Structures are given as C-alpha cells and as structure tokens.
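Chains as they are written, first to last, in this note's numbering: chain A, -6 to 322; chain B, -6 to 322; chain C, -6 to 322; chain D, -6 to 322.
We put the CB at the ideal spot given by N, CA and C, even for glycine.
Because the structure is a prediction, the values reported are computed rather than measured.
Protein chains: 4
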Amino acid sequence: MIGAGRMGQAHARVLAGLWHCRVVWVVDPAEARASAVAAELGAQASSHLEEALQDASVDAVIITTPTPTHAQVVEAAARAGKAIFVEKPIAESLEAGKRVVQAIEKHGVPCQVGFQRRYDPAYQRARAMIEQGALGRLEGIRLVGRDPHPPSLEFLKTSGGLLVDMGIHDLDSARFLLGEVLEVAAIGGALAEPGLREYGLFDTAVATLRFENGAVGTLEVALRTAYGYDIRCEVLGEKGRIHIEYDRKPQLTLYDAQGGHFDRPRNFEQRFAEAYRAELEAFAQNLQAGQPLKPDAREAWYSLRLALAAQQALETGQVVQVAALGSLE
Amino acid sequence: MIGAGRMGQAHARVLAGLWHCRVVWVVDPAEARASAVAAELGAQASSHLEEALQDASVDAVIITTPTPTHAQVVEAAARAGKAIFVEKPIAESLEAGKRVVQAIEKHGVPCQVGFQRRYDPAYQRARAMIEQGALGRLEGIRLVGRDPHPPSLEFLKTSGGLLVDMGIHDLDSARFLLGEVLEVAAIGGALAEPGLREYGLFDTAVATLRFENGAVGTLEVALRTAYGYDIRCEVLGEKGRIHIEYDRKPQLTLYDAQGGHFDRPRNFEQRFAEAYRAELEAFAQNLQAGQPLKPDAREAWYSLRLALAAQQALETGQVVQVAALGSLE
Amino acid sequence: MIGAGRMGQAHARVLAGLWHCRVVWVVDPAEARASAVAAELGAQASSHLEEALQDASVDAVIITTPTPTHAQVVEAAARAGKAIFVEKPIAESLEAGKRVVQAIEKHGVPCQVGFQRRYDPAYQRARAMIEQGALGRLEGIRLVGRDPHPPSLEFLKTSGGLLVDMGIHDLDSARFLLGEVLEVAAIGGALAEPGLREYGLFDTAVATLRFENGAVGTLEVALRTAYGYDIRCEVLGEKGRIHIEYDRKPQLTLYDAQGGHFDRPRNFEQRFAEAYRAELEAFAQNLQAGQPLKPDAREAWYSLRLALAAQQALETGQVVQVAALGSLE
Amino acid sequence: MIGAGRMGQAHARVLAGLWHCRVVWVVDPAEARASAVAAELGAQASSHLEEALQDASVDAVIITTPTPTHAQVVEAAARAGKAIFVEKPIAESLEAGKRVVQAIEKHGVPCQVGFQRRYDPAYQRARAMIEQGALGRLEGIRLVGRDPHPPSLEFLKTSGGLLVDMGIHDLDSARFLLGEVLEVAAIGGALAEPGLREYGLFDTAVATLRFENGAVGTLEVALRTAYGYDIRCEVLGEKGRIHIEYDRKPQLTLYDAQGGHFDRPRNFEQRFAEAYRAELEAFAQNLQAGQPLKPDAREAWYSLRLALAAQQALETGQVVQVAALGSLE
C-alpha cells in the first residue's frame, strides 16, 4: 500500500478479505499513519517507498497518493518491476500522464487504474448488453454525477476543476459504454457556493457531447445535492435504452399518511461498495492468472484528455474538439 | 339510470361522455335528487320505475339502487326487455341472486354486473398474459384489498360483512384470474375500530384459499389504511408471477434531504377511474354490436357464493367448503 | 369546434363528457368530415367559419386548425367576441403570434392555449410543491421529450423544426416550472432517419439552457424511441429534486425466469389522457366562473420565442440569446 | 470454524476480511476439506473438535455443522468457555434446543444464532422505525419466502419440513418485527414437485398468523420460484406500512420495444450478502466490546417453537396454539 489515507485504508480493508492476498508493507510519509494501518493488517510500515519496492516478496502496489505524485511513484514501482494499481486520475496533466504510460510500457509491468464504476455490476451488465446488441446502433447517453457536499475551497482550488476531478468518472463511463467523444460544450455556475466565483470555480455544470459515431449526449455534474449522492447513466440506441440508477437504500419503503418514502444513498461508499471490492478482486485474480488488467494507463489517459477538454469548454464557453488536446500515438 | 346516488352519478358522468349514448330517464325515489341529476343530463326525471321502463326508446338500464332492491328492479327491467347493467353484489343472498339470474335468463335480456376491476387495464392484461401461457400452470395468488376509512357503523351492520361487501372484489378477481375456490379459512379482528367487536363485526381479515386446480393463496382485507387505498393482486405460476399494484399518484417523486417521497392513491375513484369508464364503454359497445356482456349474472352469483363462504369462515373460525353453499346448476 | 381532424375529434370526445357543455357547430373546410363529427355530437356542421361565429348561442371556440391558420381564425373569433381555446403553438412565427396576442387583447376575449402538460397532475403537483418551497432556490432542470416514431418527411419539412414543433412542449414546461431562459445552445443529428440530413432536418437534439435566475439545465428531444413515448422532467433546487416520469402502463409487472418486465406508454394519448381532459375542464369551468384562462396567448408567445431560439441554436451551432428574438413589450 | 461446508466457507471468507479476527483452527470430520480450507486461511486443520477447543488462543467458535449435531457441539464449546456463533436452527427439536440453551446458560458463554436477516440493513431499519413509532400500534404482517429451486428429495426428507427449515427465517422476522404469535393455521401442497406427496412433504404453503397483540398476518413459503429468490416482509400499523423487498439486481433497467426489463436476485447470497457480513462483524465487535450477542439461543428457541407449530398446522390442517408446544420458563 503506497498511501495510507482514506482511500488507501478503504482499499486495505478490501484486500485483507481477499483470499491469496496479504498486505506486506504500508508506505506513507506520515509515519504514524503508516504504522497504525500496518498494525491492523499485520504488515510492516515504512515512510520510504524504496524500502518496500526492494522487497522481492512484494508482487504489486496499490497507489493512493495525491494525484501530482502519481507519475513519480508509478515510475519507481514500474522500474522495480511491480504490478501497479493506481487511483484515478492517472495524473494531473496530459504530459504527466504520458510519462506514466511510457514508464509502464517501458518496464512492461501490468497496470490498472481505479475507475471503479467499470466494475460496478450495473455498468458491467450494461456493457455486456451493449456488446450483445441489445441496443442496436448507439445513439445517445445521459450522464448525471452529483456529489452530496462540496469539498473544501482549498481542495477545489487545486483539484483541476469540476469536470476533471469529478466529471472524469462520468466521462470515463461514456467512453466505456459508448465510445470516443469528438467535441464537448459546457455551461455552468457556482450555485451552491457563490463564493467560488471569485476563483473562477464551478460547482455545477451541464454539457453536450458529440461522439465519433454520431451519437449525442448530455452530462450534468454538481457538487451539492440535498437528496444525497446521485449517479446515473443512460445509454440510448436504436433498439432501446439502458438506465442505471441506484435510488433506494436499503430495500425498504415506508408508506404513511403522507404517501411513500424511501432512503437514498448518501455517498460513494454506499453506492459503489461492491465496485470497489470487485476492482481489487479483478486486479488480484487477473495478476495471478496472467490476464491483462483493465482499464489500463492508456485508457485512463484518454479519459483524462476528455475531462480536460470538458473543463476547457466550461471555462471558455467555447466548443472544444477533444482530439485537439493531443494523442498518445 | 335507476338510482341517482353517488355511484349512479359517477356512472352518469361517464355515460354522458360516451358517443352514441344518451341518458333518457333518471329514476330515484328521492324526486329532487332525480330531477337534479336529470337536469344536468338533459334527461327526464321520475320517481316511478315503471314510467321509464315503459319508454320504448330506452334500450338499457343502469341499476345502482341498494343491494336488497336488486332482485326486484332487475326483474322488472328484464320483464320490460331492457338490457341491464347492475352494480355488484348482484344480491344480498344466494337465494335472491338466484331469482335475479332466473329472471334474466327467462326474459333473455343481456346483463352485466359492475365488477369494474375486470375492466382495469392491468387486470385485463394479466388475464391475457395468463391465457397466453406466460405463467404456465397457475399455482397461487396473493390478494390485498384495503380501504382508507371504515364506513359508518350503521352501514357496516347491514353490509353483509367485511368479506362480502368489500372482499367480494378481490374474490371475484381471484375467480377471474385463477379459477374456482374449493375451500377458505379466515381469521380477523376489529383492530381499527375496537367498538365493532360488540356487534361481531370485523374490520380486518386474513384468509387462505385452496383452488380447484390445487393452487393456494392468501387474502387480506381491511377497512382502515393510513397510507391510502391499497389494492394488490399477484398471480403465481410455474413460469413466473404477475404483480398488479398502483403505488404512485401522480407520476412524480420528490427527493429531498429525507430521501424520496411519492403520493399514493387515496380512494377507488383515483385507482379505478379508467376501469369505471371502460366497463360502461364495453357495456354500450357490446350491446350495440350484439356481443355478450361480461361478467354476467351467473358469474356474479358465483363470486357472491365465494364471498359468503369466506365471511362464514371468518365468523365461525371453521374451514368452509365453498360448494357446500349451493350451486346454480 | 373549428377543425375536425384528429386533435379536434379528441377534444370533441372530451367536451361531450363535460357537464354544462354542448358542441353546437363543427366547422371544417372538409365538409364530409365536419358532418360526420357533427352527427356524432348532435351538432350542426359547416364549412364556413363565419356561419358558426355568428351564432349567438356559441360561447367559445376550440381551434385545432393547422398552425399557419391560427392567426386568422383567432382574429375572426376574437372579433366575434367568442372565448378561445387554441392548440399550441400559437403561431408559426413570432410576428404571426404577435398578431394573435394583439387581436385577443384588442377584443378583450379570454384565450387559452393547448399546452396540456400544464394540466397533467404531476406537473401541477410539481408547480405547487415548488411554490410551497419544497425545493428552495431553483437551480436546474432536466428535460427529455421523445416521440416513438418520426412523422412523415412532408410534415417535417413544414413543421418549423424539431425544437419548435416538439421541443416547445418541454420548453414550455421549463418556463412553467423554472422561469425564463436567457440563452440556449444545442447540437443534434439525423440518427433515426439519416435521409433527413439532405433537408437540413434533425430527428435528435440535445441542448443546454441557462436561466435568468442562474439555473442551468439540459434538454433532449428525439423523434424515434424504440421503447415508446418518453417524457421526463426533473427540477432541481437547493433542497431537493422533483422527478416526473410515467414509466409503466398498466400497473402490472411480469416476473419470469428472465427477470421483471413491464409495459411502457407508447404515445401521448396514453401519457396525457388525463391532462387533455383537465385542460378542457379548466377551460369550461374558468369561463363559467369568469376566472382567467391559463396559459394565455402571451405565455404561449414566450414559449414560442424560446422554441425558435433553441431551433436557431441547433441549426447554427451558435449560442442564442433568447431575448434577442424580440419581446411583446 | 467448526464445519467446513458451504456455509462454513462462506463465513470463513467474511471472517478473513474482518480486522482483528483470525481463523486459528478449521475443524471438520472430512479431513481433506478441513485442510483445504485451513490452508487458504493460514489456519490449522483438525478432524477433532476437542483439539481446537483446548487451544487457549481460541476466543470463539463458528458452528456450521449439521443441525442434529448442534446440541453436542455447542455443549462442548460452552464447556470449554468459548464464545459461540451457531447457524440456525438452533436444534432439530425443542428438547434438543432446550439442552443448547441450558448448556450456554450454565457455562455463561455468549452465544449468537445465525438469523442473518436481523442484520440486513432493511430489517434493521424497519425495526428502528417501528421502535420510533413510525407505524403506531402494530396490526399486521405479510411474509413471503420463496426459494428458486427445491433441494434434493434426500435433504427434504430429513429437513424437518418446509415451515421449519425454510419458514423459520420468515417466522423469526415476524417475531423480530411484530412480536409473539398466538396461533397459526396453514394449508399447502406439492405443486412444484408432485412426487413429494407420497412422502407427505410440501413445497408450497400459505398460513395465517394471529399475534399476541391482536395483529393478524399471512405467510407464504415455497421451494420453487421461476423468477428467482423472493423474500418480502411488510409490517402494517395504524399509521402506515413498511415494505421490504429486493427486486432489482443490478441497478439497471433495459427499455426496449417490449417495454422495461430488469434482472432479479436469484439466491440468498445475492440478497443477503451484506447481512451475512454484518452478523459476523457484530459478533466480533460485540464480543470484543463485551456487549451481549443477538439473537441469542433463547430467541432462537422461540423461533424454532413457532416454526414447529406452523409445520404442525400445515401437516394436520388444524389451528395450532403456539404456546401449547411448551416454554423455556
């Protein structure tokens, strides 16, 4: 485990429950945090990355350090010949992302990026249905991604922007399910936190997407949602529509004199618990079986490119051609 | 229109909107009420049944008078050669019901009984699906019939009992969708209105049903439902299940910090508006086309027999063999 | 009744069922059609508008003639002092629409425009909830309007465009529930009927909307939907979200070895039957009570302006400022 | 781990993922199976119960051996002073169950019985809502428990009967949410597997329940369900109703020309995965915190008594007074 913060601990808890997996090292510059997590897991703690990377018994690393460190940490792990699981986004810029891809390909190590929605049972089923032709020719998508509460202003100032930090999940889903986006246009505002305006920041955005195959779609992303966490994805085709939505937690409805009432999911842990587990299971199983990892760093780079294009559209008010941002080829 | 009460007025409003239909007479012993309703419809009013029945321009009568008068009114209308629509139940006893059936058959007039659920789009679709074999062999049923508020004690004392007055709708649905019932057992109580106990009355009952084909089912009927009007019907077969439920009125959900919320239907007008319209449309169209009317008086008699058997089971605590109550053959 | 086509006949069937209402004249240039409909209703037929307008017993006219005739017919009816119900859109252009508004205001007659969704129980409940503050400050909207099948190419060439003929319903709902739109951007394509491209026509469009109050929203309109008729409207506010969707027709679910299955509504008659009835009931009742009619011609003109702006955005690929199209003031 | 069969392995996988927990011994008379499971867990294997019980480092045992062995195994573990988690039902008869309760109480060890539904988020939320008074006075319950496929005839012959082996889950839920049952009546049949009749076995049953507080309810249990696994629980009170149902897996709906379609859960692992995890988490956490375990052996004994009463009613066709079967007091 490289990084022992909130996401790292969540992954550690999952890993501890996977058969054939054992956490050997917990690495974090904050030594006390590393030690505490390591103690829980019966692992060793270190504040030095190289110490863990030199341990030949380590097969793979799980990287949950801050995004700007990804390129350097991935490079070191790749050099050491370790398999890599790295959180999304792969890097903070397309250039840094390119360095990550090159390091991985140069050292020939397997790498998986943490777009957990691709492992959610509903998204997986959608992809399988689409591949089996349930929708016929694909014609559209509707994406909604709403967080319950905005993060701190400090975080927002350095997060890369609403459509990069948060929208990248929805945009990666669009690529996973429908294909490549040609151009994107967006408008938005600071509706939940008007104070964001003075920093040129947005907490709400809507966009239109035009895909290579001619399909068109809409995207909505927001940072404050009174009714909880709301992630939806609808794919439209000539033969029908797939609708993904998690509306009810738990499986209970109360009916009283005011009508019917149900609880909604409030955060990503509630919505995607199964996906977070499944992506690490797949990582471990595919490594053991010598199968390729998915999504890999190249996939993640193209999703980052799309997110940066969308953010540019939002900030400039101009339609952005996605390919104009560059390519890995 | 024979009878100008609440149900009669509701039917009159529907009839006024059917093409090729015109209300000619409104008959009610309460002359003022007859006149008021007749004026609205551009019809003549009378307090004498025979006056309307002697009018040769009258093709059909809609009977919504109190149940104990059904036998006599139907007999008079049949003698006059009029087509008949009569509200459920066909009569207050199996003997009176038998007189109704005999009068209709003797005079050869068409007769339809007002089991409107048989004309609800969901029940019709269920029946069609079952006939097409969607469920395979039928194996069970689950019936729920809950009114929002109990009627007055005065009404309850003379209504024939919970499972006759109210349960007959659910039991008729059971016969419509699954077939004949062999035996019934029931328990219940006065949970909403404990004062009913001293009159031996029930406001809540649950029952088990055993069908001729071996299927078994449950029934729940109650007179007070805090969350509105709740009519459900599920039919089970070897290949699947059909579930009928009207849960949401209107087609709107509110999501807020407490979760999701929707309005429920509150009464039979909201739930069965379309069915009340459809049963009269079918009555008019089938008469004009010379097609048989459904459900007819014999059907209604057998549903009454089942309801009386269920009520007897509830009151005695004994399993009741339905056929023991007699037969029309 | 001015106009005895499909929409006119539908309205006539509803009117025939409203108490206190009687259809006196059916006017249509196609004499045979006028006569046939008139005969059903016990009304007189005419192919001359003035004949009916001169009848002093006529209180109101229902206009369902082709859109380009609206200005002239409304003007004649207003001059004759009749109350007016006219189908949407109020006119084919903002100039013709302005003439309609002026005629009505000059002659002081009441006028209602046929935006039936404003009378759908769900939209009405949404408006009431919003006015009661259930959502707090309004921040967004998501609109989906999908027809099952495209109309004929002949119709499409003269319909005024996808976002005028069809999108105007969704855009009117946006104004009804959220308020005025400042600017609109749109992209689209001919996905269902590629042959439309040579005529510069669209069968699919997605748009972003920016509202006067800062809210942002998305709109999707399409002419072919394999899974039926799909009209959705979601309004977002600081305190929550209202979701309007009619998903299931009838109230029945089939569960079998392949999972659960339900029928969807296939056309506007199934979805909005209640709204079509309610708008005419309101028309009749408000006229009788001397209450103002809603939505009136001015409302309809502003919805037309928004629809024309959206269509312009779709055709030009430019963001369109709605107010730039002019104003009634 | 005492018992390394299917249920034991499922529990072991969960335990391996709980922090602060470690599996030390895997005991199973089938030595190879014990060894295989132990190897996965890094534990020792044994075919002798006493070997593991004498290990002082063992704090607790998880017993998943066949029901008829429960009394003896629990007694041994209690004598050794170990905390106990034992699968439901606590024993095959009320007498054997009484011995279990006595052993536990004599040795003062904590004991939890595996009624996992009590740890399902929906059942837990229901209980909390009821305790907070959301339903007011409780008046009824509707229970449905349907397995997808019948087990083997060999198993059925020794399982204790449909309403004991399978119905005990629903009946325990009834006690958990509504309280004690006074009397039960039941009918049923062998509808899925007619061959069961010659052994006096049932694959389908419906029952009515009368509760101590006057409430009445229905229960349906079946062993073959074409559409999957169907567990429902509705609690009715004077103020409303709680409805628990898990209908859709995953969170995806397909809409096509035939309407809407969704996948259903097919087995208890899919439905109750979270509950199986939560009951062991609670077991571990409560042990560590010195809190009492729930449900305990007494609770389990009373649920067994109710299940045996229901089975007796089904087999005899007679109403059974639950208390007539005896008591622990």
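{"Check": "Rounding to the nearest angstrom, what Cα-Cα distance links C:P51 and C:V20 in this structure?", "Outcome": "Checking the displayed sequence, the identity of residue 51 of chain C turns out to be Val instead of Pro. Going by the C-alpha atoms only, they are around 13 angstroms apart."}
{"Check": "How far does the alpha helix (DSSP H) with B:E88 in it extend, from its first residue to its last?", "Outcome": "L87 to H100"}
{"Check": "Give the residues from the region 26 to 43 of chain C that approach chain D closer than 8 angstroms (Cβ to any Cβ), ordered along the chain.", "Outcome": "none"}
{"Check": "On the DSSP letters alone, give me the boundaries of the alpha helix (DSSP H) that D:I335 sits inside.", "Outcome": "Past the boundaries of the shown model lies residue 335 of chain D; chain D is included only from -6 to 322, so the question cannot be answered."}
{"Check": "Can you tell me the Cα-Cα spacing of A:G133 and A:A208, whole angstroms?", "Outcome": "5 angstroms"}
{"Check": "Using a 10 Å radius around the Cβ and a threshold of 16 neighbouring Cβ atoms, would you call A:S39 buried or exposed?", "Outcome": "buried"}
{"Check": "Verify the CB distance criterion: does D:V209 have a CB-CB separation below 8 angstroms to chain B?", "Outcome": "yes"}
{"Check": "Output needed for C:R120: all residues of its chain with C-beta closer than 7 angstroms, excluding positions within five of it in sequence on either side, in chain order.", "Outcome": "F169 and L170"}
{"Check": "Is it right to say C:H218 is buried, meaning 16 or more other beta carbons lie within 10 angstroms of its own, or is it exposed?", "Outcome": "The question names His, but residue 218 of chain C in the sequence shown is Thr. When all chains shown are included, C:T218 counts as buried."}
{"Check": "For chain D, find out if any of its Cβ atoms is closer than 8 angstroms to the Cβ of C:H254; answer yes or no.", "Outcome": "yes"}
{"Check": "Going along the region 179 to 199 of chain D in order, which residues come within less than 8 angstroms of chain B, judged by CB to CB distance?", "Outcome": "A179, I180, G181, G182, L184, A185, T197, A198 and V199"}
{"Check": "Do D:I123 and D:V228 have their CB atoms nearer than 8 angstroms?", "Outcome": "yes"}
{"Check": "Would you check if the distance between the CB atom of A:A290 and the CB atom of A:I55 is smaller than 8 angstroms?", "Outcome": "no"}
{"Check": "Can you list, in chain order, the residues of its chain with a C-beta nearer than 6 angstroms to that of C:R203? Leave out the 5 residues immediately preceding and following it.", "Outcome": "L175, E176 and V209"}
{"Check": "Check the C-beta distance from A:R135 over to B:Y248 and give it rounded, since I have them as a contact under 8 angstroms.", "Outcome": "That pair is no contact at about 17 angstroms."}
{"Check": "With a threshold of 7 angstroms (Cβ to nearest heavy atom), would C:R259 be considered close to the ligand NAD?", "Outcome": "Among the components of this structure there are no ligands whatsoever, and the ligand NAD is therefore not found."}
{"Check": "Judging by CA-CA distance, which residue of A:K242, A:T246, A:L297 and A:E238 is the nearest neighbour of A:E88?", "Outcome": "A:L297"}
{"Check": "Could you check where the alpha helix (DSSP H) with A:Y269 kicks off and where it finishes?", "Outcome": "F261 to A282"}
{"Check": "Tell me where the alpha helix (DSSP H) around D:H162 begins and ends.", "Outcome": "G160 to L170"}
{"Check": "Identify the continuous alpha helix (DSSP H) that holds C:V66 and give its terminal residues.", "Outcome": "H63 to R72"}
{"Check": "Just grab the DSSP bridge partners of B:V19 for me.", "Outcome": "B:A38"}
{"Check": "What residue range does the alpha helix (DSSP H) around A:P295 cover?", "Outcome": "The question names Pro, but residue 295 of chain A in the sequence shown is Tyr. Start and end: A290 to T309."}
{"Check": "Need the endpoints of the beta strand (DSSP E) that B:L202 sits in, please.", "Outcome": "T197 to F204"}
{"Check": "For D:R72 and D:A23, what's the separation of their Cα atoms in angstroms?", "Outcome": "24 angstroms"}
{"Check": "Would DSSP call C:T246 helix, strand or coil?", "Outcome": "strand"}
{"Check": "Applying the criterion that 16 or more other CB atoms from any shown protein chain within 10 Å of the CB defines a buried residue, is B:R111 buried or exposed?", "Outcome": "buried"}
{"Check": "Along the chain, where does the beta strand (DSSP E) containing D:G253 start, and where does it finish?", "Outcome": "G252 to F255"}
{"Check": "Residues in the region 234 to 247 of chain B with C-beta within 8 angstroms of chain C's C-beta atoms, listed in sequence order?", "Outcome": "R234, I235, H236, I237, E238, Y239, D240, K242, P243, Q244, L245, T246 and L247"}
{"Check": "Consult DSSP for C:A208 and reduce its assignment to one of helix, strand or coil.", "Outcome": "coil"}
{"Check": "How is B:F108 classed by DSSP in three states: helix, strand or coil?", "Outcome": "coil"}
{"Check": "State the start and end residues of the unbroken alpha helix (DSSP H) segment that holds B:L194.", "Outcome": "Taken as a continuous stretch (DSSP letters only), B:L194 belongs to no alpha helix (DSSP H), as it is neither H nor E."}
{"Check": "State yes or no: is the C-beta of C:T197 within less than 8 angstroms of the C-beta of C:L212?", "Outcome": "no"}
{"Check": "With the cut-off set at 8 angstroms, would you say C:H334 and C:G74 are in Cβ contact?", "Outcome": "Summary: the structure shown does not reach residue 334 of chain C, with chain C confined to residues -6 through 322, and so no result is reported for it."}
{"Check": "Could you tell me which chain D residues have their CB closer than 8 angstroms to the CB of B:T309, listed as they occur along the chain?", "Outcome": "Neighbours of B:T309 on chain D: none; closest Cβ ~12 angstroms, over 8 angstroms."}
{"Check": "Hey, how far is the Cα of B:T201 from the Cα of D:H142?", "Outcome": "24 angstroms"}
{"Check": "Quick one: Cα of C:T57 to Cα of B:L280, how far?", "Outcome": "33 angstroms"}
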